[in-house]
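Peer 1: Each protein sequence line maps, in turn, to chains A and B. The first sequence stops at residue 336 when you use this note's numbering, and every number in between is there. The second sequence stops at residue 297 when you use this note's numbering, and every number in between is there. Ideal Cβ positions, reconstructed from N, Cα and C, are used throughout, including at glycine. Note that the coordinates shown come from a computational prediction; the quantities given were computed from them, not determined experimentally. Below is the structure I would like to discuss, written out as structure tokens.
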Amino acid sequence: MDPRENKDRTSEAPSTEKGMDIKNARLNAGENASAQAVERPTWQEDVGRSALNPLRRRKLVEKGVFGLFRIAVLINTLALVVIVVFLVLNGWSAISWTFLTQAPYDSMTKGGIFPPIMGTLLLSFGAMLIAFPWGVASAIYLHEYARPGIMMRVIRLGINNLAGVPSVVFGLFGLAFFVIWLHLGVSLLSGALTLGALVLPVIIGTSEEALRAVPQTYREASLALGATKWQTIYKVVIPAALPSMLTGSILGISRVAGETAAIMFTAAVFYTPRLPSSVLDSVMALPYHIYVLATAGTEIEKTRPLQYGSALVLIVLVLGMNLIAIILRARLQRRR
Amino acid sequence: MFLSRQKKETAIKSTFFLVATLSILVLSLIMLFLFVEGVPIFGKVSPITFLFGKSWYPTADPPDFQIFPLIMASIAVTALSAAISIPLGVMTALYLAEIASKRIRSIAKPIVELLAALPSVVIGFFGMVVVAPFLQDVFEIPTGLNLFNAGLMLAFMSVPTICSISEDAIYSVPIELKEASLALGATHWETIFRVITPASLSGISTAVILGMSRAIGETMVVLMVAGGAAMSPKSIFSPVRPMPASIAAEMAEAPFRSNHYYALFATGMVLFFFTLCFNILADHIAQKHKQVGAATL
Chain A
1 MDPRENKDRT
11 SEAPSTEKGM
21 DIKNARLNAG
31 ENASAQAVER
41 PTWQEDVGRS
51 ALNPLRRRKL
61 VEKGVFGLFR
71 IAVLINTLAL
81 VVIVVFLVLN
91 GWSAISWTFL
101 TQAPYDSMTK
111 GGIFPPIMGT
121 LLLSFGAMLI
131 AFPWGVASAI
141 YLHEYARPGI
151 MMRVIRLGIN
161 NLAGVPSVVF
171 GLFGLAFFVI
181 WLHLGVSLLS
191 GALTLGALVL
201 PVIIGTSEEA
211 LRAVPQTYRE
221 ASLALGATKW
231 QTIYKVVIPA
241 ALPSMLTGSI
251 LGISRVAGET
261 AAIMFTAAVF
271 YTPRLPSSVL
281 DSVMALPYHI
291 YVLATAGTEI
301 EKTRPLQYGS
311 ALVLIVLVLG
321 MNLIAIILRA
331 RLQRRR
Chain B
1 MFLSRQKKET
11 AIKSTFFLVA
21 TLSILVLSLI
31 MLFLFVEGVP
41 IFGKVSPITF
51 LFGKSWYPTA
61 DPPDFQIFPL
71 IMASIAVTAL
81 SAAISIPLGV
91 MTALYLAEIA
101 SKRIRSIAKP
111 IVELLAALPS
121 VVIGFFGMVV
131 VAPFLQDVFE
141 IPTGLNLFNA
151 GLMLAFMSVP
161 TICSISEDAI
171 YSVPIELKEA
181 SLALGATHWE
191 TIFRVITPAS
201 LSGISTAVIL
211 GMSRAIGETM
221 VVLMVAGGAA
231 MSPKSIFSPV
241 RPMPASIAAE
251 MAEAPFRSNH
261 YYALFATGMV
271 LFFFTLCFNI
281 LADHIAQKHK
291 QVGAATL
């Protein structure tokens with residue numbers, strides 16, 4: 001770079017670069033003071049110093065800050081890796097065929113985690129059965145039918161706030177509404193309904209994104225051929241958006257599978273060795289099982305291997321689904 | 001024939017409209033039921049005492065239902081986690097959006113997404129069995145289950161929220177602004193600091209608020225690692241009992257429609273109110289300072 005250009009930049013710095021300039025000034029002052037003690041610099045040296053060093057300094061600042069950014073990313077990576085590796089190392093020995101297929105016994109200090117796994121799968125499946133059609137339909141209304149205006153704004157505000165409701169509040173709501181008011185009891189159905197409402201904003205979000213990715217020309221072509229709006233949506237838009245919607249719903253399932261606070265009062269119980277025979281039965285669930293083993297048991301230390309094993313199974317389930325969704329999404333994007 | 005087709009279209013549109021408004025119905029039902037099950041406690045305790053009284057002894061005789069320590073604990077935990085997660089999340093977002101090469105991005109982005117996907121009970125478990133003993137040894141404190149541990153674990157739960165929303169905001173800054181700044185001789189960092197960050201500040205603020213909203217409402221982590229003492233925090237190593245932890249821990253023991261049960265629902269109301277404020281504020285900022293294009297800046 002031309003040194004003259006740098007000089008120009010520093011001379012106009014006061015107006016644009018206050019923070020940087022103060023720092024420079026302080027540094028320059030320090031330099032000048034020490035230089036004065038030894039020997040007063042000639043004006044050429046002075047210009048050379050103040051013109052060239054700032055650029056080098058600015059570059060150095062940039063390097064330093066970008067280094068900080070990299071460290072931030074590394075910290076996140078490290079957090080993920082440490083948690084996963086720790087659970088894999090400690091949980092690995094607990095995993096066996098009997099662990100995955102047996103019910104717990106001896107007041108949950110021995111045996112496997114088959115009922116919690118089944119409970120979690122049933123709850124997730126049930127929640128998606130409710131949330132997927134509901135979420136997709138809401139997204140279709142918002143993206144295909146609604147015109148910007150007060151109604152759309154209200155609906156969006158409602159969805160955004162629903163997304164922000166803490167899961168324990170969903171749990172309270174499920175308890176008061178489904179369990180008590182609708183007399184569904186602590187059951188698979190109550191849990192699935194609560195989780196369905198909880199995951200709805202996620203499904204709406206991903207479905208809308210999927211609809212946004214369908215090229216406008218598809219719709220125009222269909223409408224130009226004389227199809228009605230609904231025919232266009234049903235025969236053109238939905239088929240085109242469905243793969244992305246399903247990918248998004250995998251993320252929804254993984255969110256639901258790891259959810260604990262919302263099912264504590266609505267669906268999950270400490271211990272029930274048999275699998276649910278109807279939707280009105282209560283179930284065991286993997287996340288709740290981990291919580292119970294880790295905090296409420298009488299022999300917490302003795303059941304550590306079971307806890308590690310259960311946690312490992314849960315993160316393999318959840319992260320596995322997420323990885324599948326990430327890979328599928330990358331594929332869909334490449335095809336476009 | 002034509003008329004019936006149009007009628008059918010209208011009917012279909014109305015159906016979709018009704019389904020879309022169902023989510024507002026759910027939100028209203030949540031508020032209604034929190035209210036109905038929570039308000040009876042105010043017949044026993046005045047709202048002022050409930051909110052600002054300092055003793056939470058729900059099972060003592062006579063019981064005290066005063067949730068000020070719980071509110072303070074929630075605020076302290078959230079503030080601590082924000083102090084960690086805001087720099088971490090925003091820096092990660094800037095890195096992903098501005099600096100990372102395409103290849104690094106394709107690895108780093110899924111990592112953040114997987115971090116978001118970690119179930120809270122697993123993070124809480126990790127905090128209990130790994131971080132707590134570690135803190136106890138390093139700082140020589142009586143228990144590792146405390147405010148600091150909970151704040152740290154919560155930070156990693158809100159980083160992905162902050163990061164992904166900030167990243168979207170940074171992406172939507174018009175490229176012309178960046179080009180203009182670079183053409184004037186600013187370094188890349190100066191451009192990020194003085195042009196891109198100010199231009200995406202509304203989006204980043206929204207991200208931060210939503211991240212904090214997630215932290216204050218998060219239950220399992222604070223239930224498992226915050227320590228559970230219902231006292232206002234004295235230091236960052238005090239064990240605390242934030243609102244969600246109190247609700248989750250005590251609901252199972254509270255007799256149906258007892259005062260304790262009502263008090264927990266009222267605590268839920270307060271918690272809901274906090275997150276509602278956060279979300280409305282975030283929505284307001286996002287709407288008011290919408291980034292449309294270079295012309296609006």
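Output needed for A29 (chain A): all residues of its chain with C-beta closer than 6 Å, excluding positions within five of it in sequence on either side, in chain order.
Peer 2: The predicted position of A29 (chain A) is uncertain, since its pLDDT is 46 and thus under 50; a value taken from the coordinates is nonetheless stated next. Closer than 6 Å at the Cβ level, and outside the excluded window around A29 (chain A), lies no residue.
Peer 1: Using the Cα positions of L94 (chain B) and L78 (chain A), report the straight-line distance between them to the nearest angstrom.
Peer 2: When rounded, the distance between both Cα atoms is 18 Å.
Peer 1: Output, in chain order, the set of chain B residues within a Cβ distance shorter than 9 Å of S124 (chain A).
Peer 2: Neighbours of S124 (chain A) on chain B: none; closest Cβ ~12 Å, over 9 Å.
Peer 1: Which two residues bound the contiguous alpha helix (DSSP H) that contains F265 (chain B)?
Peer 2: That run of the alpha helix (DSSP H) goes N259 to K288.
Peer 1: Since L188 (chain A) is in the alpha helix (DSSP H), which residue starts that stretch and which ends it?
Peer 2: L188 to R212
Peer 1: Beta-carbon of A282 (chain B) versus every beta-carbon of chain A: anything under 9 Å?
Peer 2: yes
Peer 1: Evaluate contact between the segment 98 to 116 of chain A and the segment 225 to 233 of chain A, counting only Cβ atoms and requiring at least three cross-stretch pairs below 8 Å.
Peer 2: no
Peer 1: M243 (chain B) lies in the alpha helix (DSSP H); which residues open and close that run?
Peer 2: Judged by DSSP secondary structure, M243 (chain B) falls within the alpha helix (DSSP H) whose first and last residues are M243 to E250.
Peer 1: Measure the Cβ-Cβ separation of A108 (chain B) and S164 (chain B) and say whether it is below 9 Å.
Peer 2: no
Peer 1: What whole-angstrom Cβ distance do T267 (chain B) and I247 (chain B) have, given they're in contact under 8 Å?
Peer 2: 6 Å
Peer 1: Give the DSSP-derived three-state secondary structure of N24 (chain A) in the structure shown.
Peer 2: Low per-residue confidence applies at N24 (chain A): pLDDT is 49, beneath 50, and the placement is therefore not dependable enough to give any value.
Peer 1: Going along the segment 19 to 32 of chain B in order, which residues come within less than 8 Å of chain A, judged by CB to CB distance?
Peer 2: V19, A20, T21, L22, S23, I24, V26, L27, L29 and I30
Peer 1: Which residues in chain B sit within 8 Å of L319 (chain A), going by Cβ to Cβ distance?
Peer 2: L114, A117 and L118
Peer 1: Between the segment 257 to 281 of chain B and chain A, which residues of the former have CB atoms less than 8 Å from a CB of the latter, in chain order?
Peer 2: Under the 8 Å Cβ criterion, the segment 257 to 281 of chain B contributes L264, F265, G268, L271, F272, T275, L276, F278, N279 and I280.
Peer 1: To which residues does DSSP link A268 (chain A) through a beta bridge?
Peer 2: According to the DSSP secondary-structure assignment, A268 (chain A) is paired through a beta bridge with A:V283.
Peer 1: Please list the residues of the segment 122 to 145 of chain B that have a C-beta atom closer than 9 Å to any C-beta atom in chain A, keeping them in chain order.
Peer 2: V122, I123, G124, F125, F126, M128, V129 and V130
Peer 1: Just to confirm, are I204 (chain B) and V90 (chain B) a CB contact at a threshold of 9 Å?
Peer 2: yes
Peer 1: With 7 Å as the limit, tell me which residues of the segment 241 to 274 of chain A have their beta carbon closer than that to any beta carbon of chain B; keep them in chain order.
Peer 2: S254, G258, T260, A261, M264 and F265
Peer 1: Using C-beta distances below 6 Å, list every residue in its chain close to F148 (chain B), excluding the 5 sequence neighbours before and after it, in chain order.
Peer 2: I236 and F237
Peer 1: Using 9 Å as the limit for Cβ to Cβ distance, is A330 (chain A) near chain B?
Peer 2: At least one chain B Cβ lies under 9 Å of A330 (chain A).
Peer 1: Of all the CB atoms in chain B, is at least one closer than 9 Å to the CB of P3 (chain A)?
Peer 2: Per-residue confidence for P3 (chain A) stands at a pLDDT of 44, beneath the threshold of 50, marking its modelled position as unreliable; the derived number appears in the next sentence. By this cut-off, P3 (chain A) is not an interface position.
Peer 1: Is R334 (chain A) helix, strand or coil when you go by DSSP?
Peer 2: helix
Peer 1: Less than 9 Å between CB atoms is the rule here; does H188 (chain B) satisfy it with respect to chain D?
Peer 2: Within the model displayed, chain D is absent; protein chains A and B are what it includes.
Peer 1: Between the Cα of W92 (chain A) and those of A:R304, A:A325, A:I324 and A:R156, spot the shortest distance and give me the residue it belongs to.
Peer 2: A:R304
Peer 1: For a test of the three-state rule: what should DSSP assign to F65 (chain B), helix, strand or coil?
Peer 2: strand
Peer 1: Among all the DSSP beta bridges, which residues are the ones paired with Y105 (chain A)?
Peer 2: Answer by DSSP bridge pairing, in chain order: A:K110.
Peer 1: Can you look up V122 (chain B) in the DSSP assignment and give me helix, strand or coil?
Peer 2: helix
Peer 1: Given a cut-off of 9 Å, decide if S254 (chain A) and I113 (chain A) are closer than it, judged by their beta-carbon atoms.
Peer 2: no
Peer 1: Apply the 10 Å Cβ neighbour rule to F134 (chain B) and answer buried if 16 or more other Cβ atoms are within range, or exposed otherwise.
Peer 2: exposed
Peer 1: Per DSSP, what kind of secondary structure is G252 (chain A) in: helix, strand or coil?
Peer 2: helix
Peer 1: For a test of the three-state rule: what should DSSP assign to V208 (chain B), helix, strand or coil?
Peer 2: helix
Peer 1: From I326 (chain A) to S166 (chain B), what does the alpha carbon distance come to, in whole angstroms?
Peer 2: 20 Å
Peer 1: Using only the alpha-carbon positions, how far apart do L319 (chain A) and T247 (chain A) sit?
Peer 2: Their Cα atoms are separated by approximately 14 Å.
Peer 1: Taking M159 (chain A) as part of the alpha helix (DSSP H), name the residues at either end of that continuous run.
Peer 2: Checking the sequence shown, residue 159 (chain A) turns out to be Ile, not Met. Counting along the chain, the alpha helix (DSSP H) containing I159 (chain A) begins and ends at I150 to G164.
Peer 1: Do you know whose CA, among A:V154, A:V269 and A:P133, lies nearest A296 (chain A)'s CA?
Peer 2: A:V269
Peer 1: For V179 (chain A), name the three-state secondary structure that DSSP assigns.
Peer 2: The three-state reading of DSSP puts V179 (chain A) in helix, counting H, G and I together.
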